[in-house]
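Here the protein sequences come in this chain order: A and B. According to our numbering, the first sequence is numbered sequentially starting from 1093. According to our numbering, the second sequence is numbered sequentially starting from 249. Data block below; observations after.
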Amino acid sequence: GQSLEQPSEVTAVEGAIVQINCTYQTSGFYGLSWYQQHDGGAPTFLSYNALDGLEETGRFSSFLSRSDSYGYLLLQELQMKDSASYFCAVIEGGKLIFGQGTELSVKP
Amino acid sequence: NAGVTQTPKFQVLKTGQSMTLQCAQDMNHNSMYWYRQDPGMGLRLIYYSASEGTTDKGEVPNGYNVSRLNKREFSLRLESAAPSQTSVYFCASSEVLAGEQYFGPGTRLTVT
């Protein structure tokens, strides 16, 4: 089986940096993805890590350590529009298994 | 280029009724997926189709059936709806890499 753990809630202020962690247990691992979902909206793809290290896309970066079964999403220069739920997901057997999500609240 | 489209956007069913949720993608993706999302929860995979002509069960397939009609379309059928199937249903597609999926806007289903 597989399981993913991420914090349920994170709060930060506008302009700050926030890190959302994700630990996973899976029988076969191919990669870790991150998705953003605004209230009432559809999930949107943010990043994917198959290899150890940091991937940067604008204000967002994602990190993976396969030996530690751990990854994180780093959001810099936080904006109010970044308030959303963030999901990590692992690829197993050609499909994605999602975590429960982290609700990020950005305060002015 | 509409991406992934789903119909209907909203639906209310009575227990025991049946319905089909439609999904289509215009990105020429090989793989398509159906998820459900309950309040405050992550997405749970119902069924997926790795390529045209194949379908496989996900985490929560009971009470559902799917049809991969062609490369573009993947439908989800509830044969006898139950209140436990009240949820938001998302369809998604991916080219090859399952980690990068594109989602439709969702169908909000209520079963009374």
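C-beta atoms are modelled at their ideal positions from N, C-alpha and C, and glycine is treated no differently.
Quiz prompt | Nearest-angstrom beta carbon gap, A:Q1098 and A:N1113 [assumed within contact, 8 Å] | solution = Looking up residue 1113 of chain A in the first sequence gives position 21. Looking up residue 1098 of chain A in the first sequence gives position 6. Yes, they are in contact, since the Cβ atoms of A:N1113 and A:Q1098 sit about 6 Å apart, within 8 Å.
Quiz item: Where do the ends of the beta strand (DSSP E) carrying A:T1115 lie?
Solution: Translated into positions along the first sequence, residue 1115 of chain A becomes position 23. Segment 1110–1117, the beta strand (DSSP E) holding A:T1115.
Exercise. Name the one or two DSSP bridge partners that B:R292 has.
Key: Indexing the second sequence from 1 puts residue 292 of chain B at position 44. DSSP output for B:R292 lists B:R284 as bridge partner(s).
Practice problem: Could you name the residues of the same chain whose beta carbon sits closer than 7 Å to that of B:G264, not counting the 5 residues immediately before and after it, in chain order? | Solution: The residue given as residue 264 of chain B occupies position 16 in the second sequence. Cβ neighbours of B:G264 beyond the five flanking positions: S328, A329.
Quiz item: Which partner residues of A:K1199 appear in the DSSP bridge assignment?
Solution: Within the first sequence, the letter at position 107 stands for residue 1199 of chain A. DSSP, once it has assigned bridges, lists A:V1105 as partnering A:K1199.
Quiz item: By Cβ distance, which residues of its chain are closer than 8 Å to B:S266, with the 5 residues on each side in sequence left out?
Solution: Against the second sequence, residue 266 of chain B aligns to sequence position 18. Cβ within range, chain order: R325, L326, E327, S328, A329.
Quiz item: Since A:F1179 sits in a beta bridge, which residues does DSSP pair it with?
Solution: To locate residue 1179 of chain A, count along the first sequence from 1; it is residue 87. Answer by DSSP bridge pairing, in chain order: A:Y1127.
Practice problem: Return yes when the Cβ of A:S1139 is within less than 8 Å of the Cβ of A:S1157, no when it is not. | Solution: The residue given as residue 1157 of chain A occupies position 65 in the first sequence. The residue given as residue 1139 of chain A occupies position 47 in the first sequence. No.
Quiz prompt | Proximal residues, the segment 277–307 of chain B versus chain A, C-beta separation under 9 Å | solution = Only S279, Y281, Y283, Q285, G288, M289, G290, L291, R292, L293, Y296, A298, D304, G306, E307 from the segment 277–307 of chain B bring a Cβ to less than 9 Å from some Cβ of chain A.
Exercise. State yes or no: is the beta carbon of B:F258 nearer than 8 Å to at least one beta carbon in chain A?
Key: Indexing the second sequence from 1 puts residue 258 of chain B at position 10. Among the residues facing chain A, B:F258 is not included, as its CB has no counterpart in that chain under 8 Å away.
Quiz prompt | Unbroken beta strand (DSSP E) run spanning A:N1141, endpoints | solution = For the purposes of this step, residue 1141 of chain A is taken as residue 49 along the first sequence, with counting starting at 1. A:N1141 -> beta strand (DSSP E) spans 1136–1141.
Quiz item: What are the boundary residues of the beta strand (DSSP E) that A:G1046 is part of?
Solution: Any answer about residue 1046 of chain A is impossible in this case: the structure gives chain A only from 1093 up to 1200.
Practice problem: Reducing DSSP to helix, strand and coil, say where B:K262 ends up. | Solution: The count along the second sequence starts at 1 and reaches residue 262 of chain B at position 14. The answer is coil: DSSP assigns B:K262 none of H, G, I, E or B.
Quiz item: If we count the other Cβ atoms within 10 Å of its Cβ and call it buried at 16 or more, is B:F322 buried or exposed?
Solution: Here residue 322 of chain B corresponds to residue number 74 of the second sequence, with the count starting at 1. With at least 16 other beta carbons inside 10 angstroms of its own, B:F322 counts as buried.
Quiz prompt | Outcome for B:V252 when other beta-carbon atoms lying within 10 angstroms are tallied against a minimum of 16 | solution = Along the second sequence, one-based indexing puts residue 252 of chain B at 4. Per the 10 Å Cβ criterion, buried.
Quiz item: What first and last residue would you give for the beta strand (DSSP E) that runs through B:F322?
Solution: Taking the first residue of the second sequence as 1, we reach residue 322 of chain B at position 74. Element bounds for B:F322: 322–326.
Quiz item: If we count Cβ pairs, one from each stretch, closer than 8 Å, do we get three or more for the segment 306–319 of chain B versus the segment 284–293 of chain B?
Solution: Yes, the segment 306–319 of chain B touches the segment 284–293 of chain B.
Quiz item: How about A:S1119 and A:F1137: are their beta carbons less than 8 Å apart?
Solution: Along the first sequence, one-based indexing puts residue 1119 of chain A at 27. Along the first sequence, one-based indexing puts residue 1137 of chain A at 45. Not in contact: A:S1119 and A:F1137 (Cβ atoms no closer than 8 Å).
Exercise. Give the interface partners of B:P353 over in chain A, defined as CB-CB distance under 9 Å, in chain order.
Key: If you number the second sequence from 1, residue 353 of chain B lands on position 105. The answer, in chain order, is G1133, A1134.
Quiz item: In terms of residues, what are the limits of the beta strand (DSSP E) holding B:R356?
Solution: Taking the first residue of the second sequence as 1, we reach residue 356 of chain B at position 108. Note, B:R356: beta strand (DSSP E), 355–359.
Exercise. Compute the Euclidean distance between the alpha carbons of B:R316 and B:C339, then round it to the nearest angstrom.
Key: Locating residue 316 of chain B in the second sequence gives position 68, counting from the first residue. Locating residue 339 of chain B in the second sequence gives position 91, counting from the first residue. Those two C-alpha atoms are separated by around 12 Å.
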